[in-house]
Amino acid sequence: MHSPLDAGCLPTTVDVSWLAVEDTTAVAAVRRAADALARRLGFAEQRVAEVGIVATELASNLRKHADEGVLLLRSARTGDGQPLVELVAVDSGPGMAEPARSWQDGRSTAGSLGIGLGAVARLADSHDLLSEPGRGSVFVARLHARAGGGRPAIDDSIAGLTRAVTGETVCGDAYVARRHAGRLSIMVCDGSGHGPLAAAASQRAVRVFCEGEPGPPEAAVARIHAALEGTRGGAVAVAEHDPVTGTVRYAGVGNISGSLLTANGRQSMVSLPGIAGYQARPIRAFEYSAAPGAVLVMHSDGLTDRWTADGRHRLLAAAPVLVAGVLLREAAVRRDDASVVVARLDAR
Numbered sequence: 000m001h002s003p004l005d006a007g008c009l010p011t012t013v014d015v016s017w018l019a020v021e022d023t024t025a026v027a028a029v030r031r032a033a034d035a036l037a038r039r040l041g042f043a044e045q046r047v048a049e050v051g052i053v054a055t056e057l058a059s060n061l062r063k064h065a066d067e068g069v070l071l072l073r074s075a076r077t078g079d080g081q082p083l084v085e086l087v088a089v090d091s092g093p094g095m096a097e098p099a100r101s102w103q104d105g106r107s108t109a110g111s112l113g114i115g116l117g118a119v120a121r122l123a124d125s126h127d128l129l130s131e132p133g134r135g136s137v138f139v140a141r142l143h144a145r146a147g148g149g150r151p152a153i154d155d156s157i158a159g160l161t162r163a164v165t166g167e168t169v170c171g172d173a174y175v176a177r178r179h180a181g182r183l184s185i186m187v188c189d190g191s192g193h194g195p196l197a198a199a200a201s202q203r204a205v206r207v208f209c210e211g212e213p214g215p216p217e218a219a220v221a222r223i224h225a226a227l228e229g230t231r232g233g234a235v236a237v238a239e240h241d242p243v244t245g246t247v248r249y250a251g252v253g254n255i256s257g258s259l260l261t262a263n264g265r266q267s268m269v270s271l272p273g274i275a276g277y278q279a280r281p282i283r284a285f286e287y288s289a290a291p292g293a294v295l296v297m298h299s300d301g302l303t304d305r306w307t308a309d310g311r312h313r314l315l316a317a318a319p320v321l322v323a324g325v326l327l328r329e330a331a332v333r334r335d336d337a338s339v340v341v342a343r344l345d346a347r
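Numbering (numbering that gives the first Met the number 0), first residue to last: 0 to 347.
Written as structure tokens, this is what we have:
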């Protein structure tokens with residue numbers, strides 16, 4: 000999440016690096032990268048070592064027991080501006096029948112990954128897991144700069160992940176969220192193409208969204224459309240949830256996919272054709288019913304629409320960062336930047 004805090008948007012989360020974990024040398028590389036990130040954020044040496052232990056445990060778990068395992072290092076800021084390291088481990092392994100037992104030291108039972116993750120549970124300020132038998136698992140662990148800081152003060156009802164296309168060091172997709180007058184608004188932009196110029200377009204969309212006065216999604220999209228003139232342009236969508244009316248208002252230009260997930264299935268939302276910054280039909284919004292507990296998903300076309308939540312009760316109940324990890328694992332394509340944002344629309 001890339002957003003200026005003084006502009007009314009939520010605290011930032013930056014996806015620092017995606018690291019494939021395929022052998023023992025990869026585990027060591029993950030630890031070095033995690034140590035370097037913690038030091039860069041000003042963590043004391045003892046806490047740096049603890050971040051390294053958590054990274055090693057998660058990476059070792061991926062190497063020994065998972066298929067196509069990757070670990071994402073993220074830097075974050077809490078609501079009061081304190082630094083945070085977040086580690087997200089994603090795999091396509093066997094999954095677990097009883098995932099809650101994996102956090103116990105020494106656990107090695109049929110249907111588990113064969114190791115305990117007790118060290119992660121002890122050292123992290125918060126941790127969570129989504130595992131579906133036959134599909135794989137997603138772990139997340141967050142560590143404050145100060146050990147024992149308690150559960151990180153972040154809005155964990157919203158989470159997003161981004162990943163650059165293979166060969167690029169920056170992602171051309173970006174997203175941001177803000178709360179205002181009890182409503183939640185989320186913007187996703189997919190800058191046209193890849194690399195720094197695409198990223199410049201999407202970051203301009205973030206700034207325009209955050210610096211503008213809160214208003215209906217169609218007004219925000221129109222403002223971004225005008226501001227992207229002279230850039231690469233891109234696809235843009237904004238969703239606004241109103242918990243009082245139980246609705247989501249959605250406006251989009253280009254290939255940003257929006258969906259509402261409930262136990263009854265998935266409802267897709269409408270984005271109109273066009274390229275923000277170049278050409279667009281008259282921008283309009285569509286309104287959808289969203290009962291408390293519904294899950295809002297928005298993603299760029301770096302993910303296909305060929306994913307499903309049907310019958311997946313664990314997925315529907317999971318924390319947004321875990322859901323985002325699953326969707327990126329199952330639907331992302333290697334030939335494009337990818338971004339996915341997930342929000343749980345509970346009443347407030």
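Idealized CB from N, CA, C, for every residue including glycine.
Report back the beta-carbon spacing between residue i and residue j to the nearest angstrom; my notes put them in contact at under 8 Å.
i            : j              : result
leucine 122  : glutamate 49   : 5 Å
leucine 142  : valine 84      : 5 Å
serine 299   : alanine 234    : 7 Å
aspartate 22 : arginine 62    : 7 Å
leucine 9    : aspartate 154  : 6 Å
glycine 94   : glycine 135    : 6 Å
arginine 46  : alanine 144    : 6 Å
glutamate 44 : leucine 116    : About 24 Å; that fails the 8 Å criterion.
glycine 211  : isoleucine 274 : Actually they do not touch by this definition, with Cβ atoms about 20 Å apart.
Helix, strand or coil for residue i? Go by DSSP, reduced to three states.
i                 : result
serine 91         : coil
isoleucine 223    : helix
glutamine 266     : strand
leucine 344       : strand
phenylalanine 208 : helix
leucine 112       : Unreliable positioning characterises leucine 112 in this predicted model, as indicated by a pLDDT of 44, which lies under 50. The coordinate reading is nonetheless provided below. Residue state, collapsed to three classes: coil.
isoleucine 185    : strand
glycine 324       : helix
alanine 218       : helix
serine 125        : strand
valine 137        : strand
glycine 166       : coil
serine 256        : strand
glycine 233       : strand
serine 107        : A caution first: serine 107 carries a pLDDT of 48, below 50, which makes its placement in the model too unreliable to give a value.
serine 2          : Confidence at serine 2 is low in this model, with a pLDDT of 40, below 50, so its placement is unreliable and the value that follows should be read with caution. DSSP places serine 2 in coil when its eight states are reduced to three.
valine 13         : strand
valine 332        : coil
methionine 31     : Rather than methionine, the amino acid found at residue 31 in this sequence is arginine. Reduced to three states, the DSSP call for arginine 31 is helix.
alanine 238       : strand
glycine 292       : coil
glycine 349       : It is not possible to answer for residue 349, since the shown part of the chain is limited to 0 through 347.
isoleucine 52     : helix
Just checking: is the beta-carbon of residue i within a distance shorter than 8 Å of some beta-carbon in chain B?
i          : result
alanine 43 : Absence of chain B from the displayed structure is noted, only one protein chain being present.
Could you pull the DSSP bridge partners for residue i from this structure?
i                : result
aspartate 66     : DSSP output for aspartate 66 lists no bridge partner at all.
threonine 261    : Gly264
proline 82       : Arg76
serine 338       : Thr161
glutamate 131    : Gly135
serine 191       : None, per the DSSP bridge assignment.
phenylalanine 42 : Phenylalanine 42 is not bridged to any residue.
alanine 200      : None; alanine 200 has no bridge partner.
leucine 315      : Beta-bridge pairing links leucine 315 to no other residue.
glutamate 21     : Note: glutamate 21 sits in no beta bridge, so no partner.
arginine 178     : Leu183
threonine 246    : Asp241 and Ser288
Look at the Cβ atom of residue i, then the Cβ atom of residue j, and state whether they are nearer than 8 Å.
i             : j              : result
glycine 251   : leucine 271    : yes
alanine 58    : alanine 25     : yes
valine 53     : glycine 324    : no
alanine 289   : threonine 246  : yes
glycine 68    : alanine 96     : no
leucine 36    : valine 15      : yes
serine 201    : aspartate 172  : yes
glycine 276   : histidine 224  : yes
leucine 327   : leucine 160    : yes
alanine 236   : isoleucine 255 : yes
alanine 204   : valine 169     : no
proline 215   : arginine 248   : yes
alanine 163   : aspartate 336  : yes
aspartate 309 : glycine 264    : yes
valine 269    : threonine 303  : no
leucine 70    : valine 13      : no
arginine 311  : glutamate 131  : yes
alanine 238   : valine 207     : no
alanine 75    : glycine 51     : no
Practice item. Indicate whether the contact test is met: 3 or more Cβ pairs, each with one atom in the region 337 to 344 and one in the region 293 to 303, closer than 8 Å. Key: yes
Check your understanding: Are three or more beta carbon pairs between the region 217 to 230 and the region 274 to 291 nearer than 8 Å?
Key -> yes
Practice item. Assess, as a yes-or-no matter, whether the region 334 to 341 is touched by the region 168 to 179 under the definition of 3 or more beta carbon pairs within less than 8 Å. Key: yes
Review point. Can you find at least 3 beta carbon pairs, one from the region 60 to 80 and one from the region 302 to 318, that sit closer than 8 Å?
Key: By the C-beta criterion, the region 60 to 80 is judged not to be in contact with the region 302 to 318, since fewer than 3 inter-stretch pairs fall below 8 Å.
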